[in-house]
Structures are given as structure tokens and as C-alpha cells.
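Residues in the sequence shown are numbered consecutively from 0, following numbering that gives the first Met the number 0.
Even for Gly, the Cβ is constructed at its ideal location relative to N, Cα and C.
Being a predicted model, the structure only gives us computed values, none of them experimental.
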Amino acid sequence: MQRFKVQKRFMEISIIIAIAAAAYILAAGKKQQEQDLEQQELEEALQEAAELAQLERTEATDLAISFRLSISSIADTLWNCFATWTITNNGSQTYYVSDIRSTFSLAGYKVNTWIPGNRDMVLIKPGETKKIHCSVNDKKLWATAKTCSIVRDAILAKLGVEKLSQWDFNYTPGKKQALSSLIYVDSTSFKLSSPYADAENTIDITSEIPSALEYLQSVKVYERFGSNAQDWK
0 MQRFKVQKRF
10 MEISIIIAIA
20 AAAYILAAGK
30 KQQEQDLEQQ
40 ELEEALQEAA
50 ELAQLERTEA
60 TDLAISFRLS
70 ISSIADTLWN
80 CFATWTITNN
90 GSQTYYVSDI
100 RSTFSLAGYK
110 VNTWIPGNRD
120 MVLIKPGETK
130 KIHCSVNDKK
140 LWATAKTCSI
150 VRDAILAKLG
160 VEKLSQWDFN
170 YTPGKKQALS
180 SLIYVDSTSF
190 KLSSPYADAE
200 NTIDITSEIP
210 SALEYLQSVK
220 VYERFGSNAQ
230 DWK
């Protein structure tokens, strides 16, 4: 009888543990789903803004372009950055895009240099979306440490923390989108050509394009996805 009670008690404990484990898994899954949903919403908002901006341009009107900057290691004057241009071809013909580059400001302070993307040609067919990446490590974005400090304080204010160690990299609802108000991409240039023509045109967009800013625990090092700019000149 005693043995039966022990077995019964063991089963009860096992059930409790199983329920707790299942609840944890469901909670973790929900958290990941929330992160994925937040990321998807940011992507969709960028794409929608890019398509609206596309309608306002008189050149290269087939291409909707947006820009995302991910930053990390911003505790000093040397920052790590990973830039991504997302280009969607909403037209009816195929294009080659090369030498894309942009300039931007963070918290009202303009970075001292152009950000170069791909030097080789990226083929974008009608209806396709291509991403062009560029990264840099330990880059001094501004001439003085004071400017870095001002921008860093602006980032902290948007994150809602007093110091970087307080930021929850895993999930903090709404904060990632809030950061995007700090970035302004004021000029973008690229070379545009068609597989059916020899001419290559340089397109200069002198108005703002849709952009997003992210602060991550780490950013991707240089990757080649149609890009080969290993440094920002």
C-alpha cells in the first residue's frame, strides 16, 4: 500500500513537472512568435514605406528601396554596424544594380562617410526582392567622442534604459521600432542597367528613403550576398 502511494505521488509530481515544462515551452514559443511578428511587422512597414517613396521618385521608379542599420558595441567611439538595402523590382523588366551607397544621420548627427554596398552587379527580375549587405567592425562614425556620447544617450533614451547593460536583447516590445525614429537616410546612389542594353545610368536619390535602426547584442560580420564592400570608405 505504501509503495502504491509513493508511485501515485511520483506520478502526480511527474504530471506537475510535465505541465510546468509544457507551460514553459508554450511561453518560450509565444515569446519567439512575438519576436518574429515584431520583425515581420517592421519588414512590412519598411516595404510599404519604400513603395510609397517609389511613387514620388522620377528616376528608377520601378525600384522600391529601404535601408536598415544594425549596430552594436556602441559603448565607446568604435562601433560595429551591419547595413542592409532591400530592393524590390515592381516593374516589368529586369535590372542590374551595382555600387549602391547611402549617407545617413543618427539622432541628427551625420556620419562622416558614405556607406558602400555591392560593387558587383545584382540581378533583380520583375517581382523579385534582393537584399544587399555591408558590414564594418570598430568604425569611428563621428570625429569626436562627444558626438558618440550624444548619439548613445539618444539611443538609451529610446530603449528606455539608463545604461546599455540594462537592455533586454531578447525581447522588449515596441522599443525596436522606436529606435528607427533616430535614423535619417538622406541620400542614396547606385548604378542601374538592363541586360538588354549597354547603357549604365547612375541614379541619385537625394530625398529620404525608408529606414530602420536596430541595436543588437552583436551584428553580423561581413557576408557576401551580392556584396563585396568590406570597408566603408
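Pull up the distance between the alpha-carbon of residue i and that of residue j, whole angstroms please.
i, j, result
"N200", "Q165", "48 Å"
"A156", "I73", "14 Å"
"Y183", "E127", "26 Å"
"I123", "N89", "10 Å"
"I139", "D197", "The sequence shown places Lys at residue 139, rather than the Ile named in the question. Near 39 Å, if we compare the C-alpha coordinates of D197 and K139."
"S233", "R118", "Only positions 0 to 232 of the chain appear in this structure, which leaves residue 233 out of reach."
"C147", "D75", "8 Å"
"E40", "T112", "30 Å"
"A153", "S91", "43 Å"
"I99", "C80", "17 Å"
"D137", "T83", "18 Å"
"T57", "L163", "Its pLDDT being 48, under 50, T57 is placed unreliably in this model, and the coordinates cannot settle the point."
"S104", "V110", "6 Å"
"I114", "S206", "16 Å"
"D203", "R151", "30 Å"
"Y95", "T60", "14 Å"
"S186", "R67", "14 Å"
"E50", "E42", "12 Å"
"A44", "V135", "26 Å"
Just verifying my parser: in three-state terms, what is the DSSP assignment at residue i?
i, result
"I73", "coil"
"E42", "helix"
"R100", "strand"
"A177", "helix"
"E50", "helix"
"L191", "strand"
"N88", "strand"
"S217", "coil"
"R8", "Residue placement at R8 is flagged as unreliable, the pLDDT there being 40, under the threshold of 50; the coordinate-derived value follows with that caveat. In the structure shown, R8 sits in a helix (DSSP, three-state: H, G or I)."
"L212", "strand"
"T93", "coil"
"T83", "strand"
"D61", "coil"
Hey, out of the options, whose CA is closest to residue i's CA?
i, options, result
"L191", "E43, L158, A44, L62", "L62"
"T69", "S179, D167, I202", "In the sequence under discussion, the amino acid at residue 69 is Ser, which differs from the Thr named in the question. Of the candidates S179, D167, I202, the one whose C-alpha sits nearest the C-alpha of S69 is S179."
"Y108", "E47, I149, D203", "I149"
"P194", "P125, F81, A142, T205", "P125"
"Q46", "F168, D167, K130, R100", "K130"
"V121", "T93, N136, T205, S217", "T93"
"G116", "E43, C133, R151", "C133"
"F168", "F189, V218, R151, T205", "V218"
"S97", "S188, A211, E161, A106", "S188"
"Y214", "I114, G159, T85, T205", "G159"
"L212", "A106, A142, T87, D203", "A106"
"K145", "L77, Q216, A44, E43", "L77"
"S210", "T60, D185, S65", "S65"
Could you please give the first and the last residue of the uninterrupted beta strand (DSSP E) stretch that includes residue i?
i, result
"E199", "199-204"
Ordered list of beta strand (DSSP E) runs contained in the segment 106-169, each at least 3 residues: 121-123, 128-138
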